[in-house]
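Enquirer: Below is the structure I would like to discuss, written out as structure tokens.
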Amino acid sequence: MADKIERDDHSGTETTGHEWDGIKELDTPLPRWWLYIFYATIVIAVIYWVLMPTWPMLNSYTRGLLNHSDRANVAAEMSQLSAARGPMFQRLASATPGQLVSDPELQQFARAAGESVFGDYCATCHGAGGAGAPGFPVLADDVWIWGGSITEIEHTLRVGVRSDHPDARFSQMPAFGRDHLLTPAQINDVTEYVISISAAHARLEPDMNAARRGAIVYHQQCASCHGADGAGDRNQGAPSLQDDLWLYGGSRAEIHRQVELGRGGVMPAWEARFDPAILRALAFYVHEMGGGEPEPAPQEPTDAAALAPPQSSADAGRAMR
Amino acid sequence: MNNVTPFPRPADSGDHAIDARAVNSAASRALYKKREQIYPKLVHGRFRTVKWGAMAVLLAIYYITPWIRWDRGIGRPDQAVLVDFEGRRFFFFFIELWPQEVYYITGLLIVAALGIFLSSALFGRVWCGYACPQTVWTDLYLYVERLFEGDRNARMRLDKAPMSLNKAARKIGKHVGWLYIAAATGGAWVFYFGDAPTLAHDIFTGQASLVVYLFIGLLTFTTYALAGTMREQVCTYMCPWPRIQAAMTDADALSVTYRGYRGEPRGPHKKNATWEGRGDCIDCNQCVAACPQGIDIRDGDQLECINCALCIDACDDIMEKVGRPTGLIAYDSYANIGRRTTGEATHLRLIRPRTILYGVLMAIVGALMLYGLANRATLDLNVIRDRSPPFVRLADGSIRNDYELKIINMAPETRSVTVAVSGLEGVHFVANSHAVQADGRIIAEAEGDRVANVRVHVAVPAGTPQGSHPLRFEIVDAESGERAGSASAFLAGASQ
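Protein sequence lines, in the order shown, are assigned to chains A and B.
At position 220 of the first sequence the residue is numbered 220 (this note's numbering), and the sequence of numbers has no breaks.
The number in this note's numbering is simply the position in the second sequence, starting from 1, with 1000 added.
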């Protein structure tokens, strides 16, 4: 350190006194604007400590004079939101499917609510937009295992499929191969027969001799649920075998495997999870995906009973259990 | 104007001279130097009067425009000029623009740019000298400054004087005046973005949104800083135009110039002394004292010069007093200065290739915009294809794609449009909430001044080749016959 302060002639600034090979370092002061902003931030920080929650304590924290709480703000905003949505939710919950399809304002609300909930809870399995996946039905097409009217969709949502709900939609295809109900040869034959009666026959070219043998097996084992002509039966949750849409995949191997294993997925019952308006919104949203079916001829369209589950399917489910 | 120092000494030649130095002259320029305060002296004359007039008109336009009403019918904004961010509209008297029509704004900007090019080619930097907001507001701020602190000499004395009650009062008064103008400037700006009477009420009762106060604050700050404290530095250091202007003017463009051939050799002149063998410039420095940019016009064309012509007024005043013809500093072209020097006849060439080009370009862009506005479509269609699922196979083997049609109805009334789809063999609508008509079309209602969202299902029969196929949607207004179309694609997947 130099003893006396030295000034640089050119800039008029003091040097630090350090010198390296004749090069000296200027002790240039901080720019004023920078320094003042720095001081201002210190002042603002102190004001912030006083006003806002800042310092953690052992069991709590300093709350600040403004008593600010993000948690409380969120709660207040949420309750405001639900208060604002309340009337629409009520209208939605009390509307019949008939009223719903003739009320654009209500539809818009149901669509938005349904889309949001579907994205959170349903799209995981059924895919965004109801695209489906092997084992998880496509919801955007016009094929329904349990029914495609708003009422039927809502009922499926309510009770689930093979869920723990007492009135769950229930069907169980036997595992013909795994449980040795049919011989491997019979399974091959019935697979060829199923292909031959479906729209996939052009694509997969079934062995017609095997199909003829398989027809006998089919009429003994499968026709009771899937129908003599393979049209399926919604009351029993038996899919149609006439089209070329397959829940577990449409290759010969997958159809064969399905006869072997009789796979069936589980959909949770959402009744306890969502309030009726949300279920209605979801049903409407799924119905609008493209394959929604009109309501079956209503007995009492204005009565809430119209929305009651069709007894037959529940009975069928229980019967099969 | 108070405190106008009448010229104190008699018309005694060299005594007209004042100690004014051009702080921004090339000679005193340095790579790094602290800004020197400029104390422009008030002048009187033709150009000062024109500048007061221009200021009055421009400020009036700025402040009054948002308050002009224009009836557009019930439920529609009745403000003549309104940028409605919330409703995503721009209103300008009878014109209403939607966000997708911003190209009109682009056209307007092109016309404005060409206008500046043209005015520069004809008259030099008239924009800078008379119409630029920086000039107008700086002039206004100087007026306030003079009101509180007096003219040039008084201001210089005041700044040198030690702090006193008088000095403090004048300074505070000036800054309060400036802040008031700044706040009024920022306050008027926000009226272009909301209903002015409602917004004015909300602002003064504290009900306006935070954004409004934020913008008023921001523009108050920028006005105060730019017009109050930065002034000529904005033109010299911040504005790109002085750099561009060199390319926009030529020897035939008018600009404020010192007629050196007449003025030189300059020097102090005693009353009744002869004018033989010397120039008309008596080196009184009045032109320098009047300059708000701190330059000496006698140094020639300079980047800092905004062509405000106040030096012309200052010089003419002196020339009259010393009995020489006015116009030693004047609007002139460099070509003419050259001709005068050699004694040729002078003439102004206003019609030149570049002015013709600018004029023609402006006319073309203007005509295109007018044509566009006159034939503006009021119906438009955008199509958004659903990407999830990309396609849906149906029970009968046909394949379905889903689309969201955005029917943009820019007319005020509700219209019923028919939607048709084409481009692929057997392509057809599948009924959803919109029934399919006997002719295969869908009828959709489009509310006035709104975008109607219509979700449609489109299917092709089994056997359509795999891949993406072009598809076209057409909408027709059943009543007026106006139509619009949009291309999209149909994705056909493998059968399984």
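Ideal Cβ placement from N, Cα and C applies to all residues, glycine included.
Quick caveat: nothing in here was measured; it's all calculated off a predicted structure.
1) Just to make sure I have the definition right: I need the residues of chain B whose C-beta is within less than 9 Å of the C-beta of A:ASP243. Which are they?
2) Is the Cβ of A:GLU77 closer than 8 Å to any Cβ of chain B?
3) Rounded to the nearest angstrom, how far is the Cβ of B:TYR1258 from that of B:VAL1083, given a contact under 8 Å?
4) Do you know offhand how far A:MET255's Cα is from A:GLY227's?
5) Closer than 7 Å by C-beta to B:TYR1224: which residues in its own chain qualify, once you throw out the five before and the five after it? Chain order, please.
6) Can you tell me the Cβ-Cβ gap for B:ALA1438 and B:VAL1417, rounded? I've got them flagged as a contact below 8 Å.
7) Quick check: is the beta carbon of B:ARG1400 nearer than 8 Å to any beta carbon in chain A?
8) Since A:LEU247 is in the beta strand (DSSP E), which residue starts that stretch and which ends it?
9) From which residue to which residue does the alpha helix (DSSP H) around A:ILE47 run?
10) Shortest alpha-carbon distance to B:PRO1325 belongs to which of B:VAL1043, B:ILE1295, B:GLY1366, B:ASP1280?
11) State the DSSP-derived secondary structure class of A:ASP315, mapped to helix, strand or coil.
12) Could you check whether A:THR151 and A:GLU295 sit closer than 8 Å to each other, using their CB atoms as the reference points?
13) Return no unless some Cβ of chain B is closer than 8 Å to the Cβ of A:ALA140.
14) Do B:ILE1318 and B:CYS1284 come within 8 Å of each other at the CB atom, strictly closer than that value?
15) At least one CB of chain B closer than 8 Å to the CB of A:GLY129: is that the case?
16) Note down, in chain order, every chain B residue with its Cβ under 7 Å from the Cβ of A:ALA199.
17) Please list, in chain order, the chain A residues whose beta carbon lies closer than 7 Å to that of B:HIS1457.
18) Applying the criterion that 16 or more other CB atoms from any shown protein chain within 10 Å of the CB defines a buried residue, is A:ASP70 buried or exposed?
19) Leaving out the 5 sequence neighbours to the left and right, which residues in its chain are closer than 8 Å to B:SER1013 when beta-carbon positions are compared?
20) Taking a Cβ distance cut-off of 9 Å, strictly less, list which residues of the region 251-279 of chain A are near chain B, in chain order.
21) Check each residue of the region 100-117 of chain A: if its Cβ is closer than 8 Å to any Cβ of chain B, include it; give the result in chain order.
22) Helix, strand or coil for B:GLN1466, going by three-state DSSP, please let me know.
23) What residues in its chain sit with their C-beta under 7 Å from that of A:LEU26, if we drop five residues either side in the sequence?
24) So A:VAL143 contacts chain B; which residues on that side make the cut at Cβ distance below 7 Å?
25) In chain A, what lies closer than 9 Å to B:SER1488 by C-beta?
26) Might you give, ordered along the chain, the residues of its own chain that have their beta carbon closer than 6 Å to the beta carbon of A:ARG63, omitting 5 neighbours on each side?
27) What would DSSP say about A:ARG85, mapped onto helix, strand or coil?
28) Tell me the rounded alpha-carbon separation between B:TYR1261 and B:PHE1094.
29) Hey, how far is the Cα of A:GLY317 from the Cα of B:ALA1444?
30) Considering only DSSP beta bridges, list what A:ALA175 is partnered with.
31) Classify B:THR1005 as buried or exposed, calling it buried when 16 or more other Cβ atoms lie within 10 Å of its own Cβ.
32) For B:ASN1024, name the three-state secondary structure that DSSP assigns.
33) Whole-angstrom Cβ separation of B:ASP1310 and B:PHE1047, contact assumed at under 8 Å?
34) Can you tell me which of B:ASP1019, B:TRP1189, B:GLU1096, B:ALA1330 puts its alpha carbon nearest to the alpha carbon of B:GLY1045?
35) Need the endpoints of the beta strand (DSSP E) that B:ILE1384 sits in, please.
36) B:SER1433 versus chain A: which residues are under 9 Å apart at the beta carbon?
Expert: Let me lay it out:
1) Within the first sequence, the letter at position 243 stands for residue 243 of chain A. Within 9 Å Cβ-Cβ: ARG1393, LEU1394, ALA1395, ASP1396, GLY1397.
2) One-based indexing of the first sequence puts residue 77 of chain A at position 77. No, A:GLU77 lies away from the interface with chain B (no Cβ there is under 8 Å from its Cβ).
3) The residue you call residue 1258 of chain B lines up with position 258 of the second sequence. The residue you call residue 1083 of chain B lines up with position 83 of the second sequence. Incorrect: roughly 44 Å between the Cβ atoms, too far for contact.
4) On the first sequence, position 255 is the one that residue 255 of chain A refers to. On the first sequence, position 227 is the one that residue 227 of chain A refers to. Checking the sequence shown, residue 255 of chain A turns out to be Ile, not Met. So the alpha carbons of these two residues sit roughly 17 Å apart.
5) As a first step, residue 1224 of chain B is located in the second sequence; it is residue number 224 there, counting from the start. Excluding residues within five positions, the ones whose Cβ falls inside 7 Å are TRP1178, LEU1179, ALA1182.
6) Position 438 of the second sequence, counting from 1, holds the residue named residue 1438 of chain B. Position 417 of the second sequence, counting from 1, holds the residue named residue 1417 of chain B. So it is not a contact: roughly 17 Å between Cβ atoms.
7) Within the second sequence, residue 1400 of chain B is the residue found at index 400, counting from 1. So yes, B:ARG1400 belongs to the interface.
8) Stepping through the first sequence from its first residue, residue 247 of chain A is reached at position 247. From DSSP, A:LEU247 is part of no beta strand (DSSP E); its letter is neither H nor E.
9) Your numbering for residue 47 of chain A matches position 47 in the first sequence. In this chain, the alpha helix (DSSP H) harbouring A:ILE47 covers 32-51.
10) The count along the second sequence starts at 1 and reaches residue 1325 of chain B at position 325. Cα-wise, what sits closest to B:PRO1325 is B:ASP1280.
11) Residue 315 of chain A sits at position 315 when you count from the first residue of the first sequence. Here the model assigns A:ASP315 a pLDDT of 42, short of 50, so the residue's position is not dependable and the matter cannot be decided.
12) Along the first sequence, one-based indexing puts residue 295 of chain A at 295. Along the first sequence, one-based indexing puts residue 151 of chain A at 151. Closer than 8 Å, so yes.
13) The residue you call residue 140 of chain A lines up with position 140 of the first sequence. Taking Cβ atoms only, chain B reaches closer than 8 Å to A:ALA140, which makes this a yes.
14) As a first step, residue 1284 of chain B must be located in the second sequence, where it is residue number 284. As a first step, residue 1318 of chain B must be located in the second sequence, where it is residue number 318. In this structure, B:ILE1318 lies closer than 8 Å to B:CYS1284 by Cβ.
15) Numbered from its first residue, the first sequence carries residue 129 of chain A at position 129. Yes, contact with chain B.
16) For the purposes of this step, residue 199 of chain A is identified with residue 199 of the first sequence, where counting begins at 1. Scanning chain B for C-beta atoms nearer than 7 Å to the C-beta of A:ALA199 yields GLY1397, reported in chain order.
17) Position 457 of the second sequence holds residue 1457 of chain B. Going along chain A in sequence order, the residues near B:HIS1457 (Cβ under 7 Å) are GLY290.
18) By 1-based counting over the first sequence, the position of residue 70 of chain A is 70. When all chains shown are included, A:ASP70 counts as exposed.
19) In the second sequence, residue 1013 of chain B corresponds to position 13, counting from 1. With a pLDDT of 43 at B:SER1013, under the threshold of 50, the predicted position of this residue should be treated as unreliable, though the coordinate-derived value follows. Correct list, in chain order: PRO1268, HIS1269, LYS1270, LYS1271, ALA1273, ILE1282, VAL1322.
20) Listed by position, the residues of the region 251-279 of chain A near chain B (Cβ gap below 9 Å) are SER251.
21) Taking 8 Å as the upper bound on Cβ-Cβ separation, chain B lies near residues VAL101, GLN107 of the region 100-117 of chain A.
22) Numbered from 1 along the second sequence, position 466 holds the residue referred to as residue 1466 of chain B. Looking at B:GLN1466 - three-state DSSP - the assignment turns out to be coil, as it is neither helix nor strand.
23) Along the first sequence, one-based indexing puts residue 26 of chain A at 26. Excluding sequence neighbours, A:LEU26 sits near ASP8, SER11, THR13, THR15.
24) Translated into the one-based positions of the first sequence, residue 143 of chain A becomes position 143. Going along chain B in sequence order, the residues near A:VAL143 (Cβ under 7 Å) are ALA1395.
25) Reading the second sequence from its first residue, position 488 is the one you call residue 1488 of chain B. By Cβ distance, chain A contributes nothing, its closest Cβ being about 17 Å from B:SER1488, past 9 Å.
26) Translated into the one-based positions of the first sequence, residue 63 of chain A becomes position 63. Around A:ARG63: PRO53.
27) Here residue 85 of chain A refers to the residue found at position 85 of the first sequence. Note: A:ARG85 maps to helix in three-state DSSP.
28) What you label residue 1261 of chain B is simply residue 261 of the second sequence in a count that begins at 1. What you label residue 1094 of chain B is simply residue 94 of the second sequence in a count that begins at 1. The straight-line gap from Cα to Cα measures roughly 54 Å.
29) For the purposes of this step, residue 317 of chain A is taken as residue 317 along the first sequence, with counting starting at 1. For the purposes of this step, residue 1444 of chain B is taken as residue 444 along the second sequence, with counting starting at 1. The predicted model places A:GLY317 with a pLDDT of 39, which falls under 50 and marks its position as unreliable; any figure quoted below should be read in that light. Straight-line Cα distance between these residues: approximately 43 Å.
30) Start at 1 with the first residue of the first sequence, and residue 175 of chain A comes out as number 175. Answer is none; A:ALA175 lacks a bridge partner.
31) As a position in the second sequence, residue 1005 of chain B is number 5, starting the count at 1. Only weak support exists for where B:THR1005 lies, its pLDDT of 44 falling under 50; the coordinates are left without a value.
32) In the second sequence, the residue the question calls residue 1024 of chain B occupies position 24. Three-state DSSP puts B:ASN1024 in coil, outside helix and strand.
33) One-based indexing of the second sequence puts residue 1310 of chain B at position 310. One-based indexing of the second sequence puts residue 1047 of chain B at position 47. Contrary to the premise, residue 1310 of chain B reads as Leu rather than Asp in this sequence. Correct: roughly 6 Å between the Cβ atoms.
34) Residue 1045 of chain B sits at position 45 when you count from the first residue of the second sequence. Answer by Cα proximity: B:ALA1330.
35) Here the question's residue 1384 of chain B lines up with position 384 in the second sequence. First-last of the beta strand (DSSP E) with B:ILE1384: 1379-1385.
36) Taking the first residue of the second sequence as position 1, residue 1433 of chain B is located at position 433. Going along chain A in sequence order, the residues near B:SER1433 (Cβ under 9 Å) are VAL101, PRO104, GLN107, GLU288.
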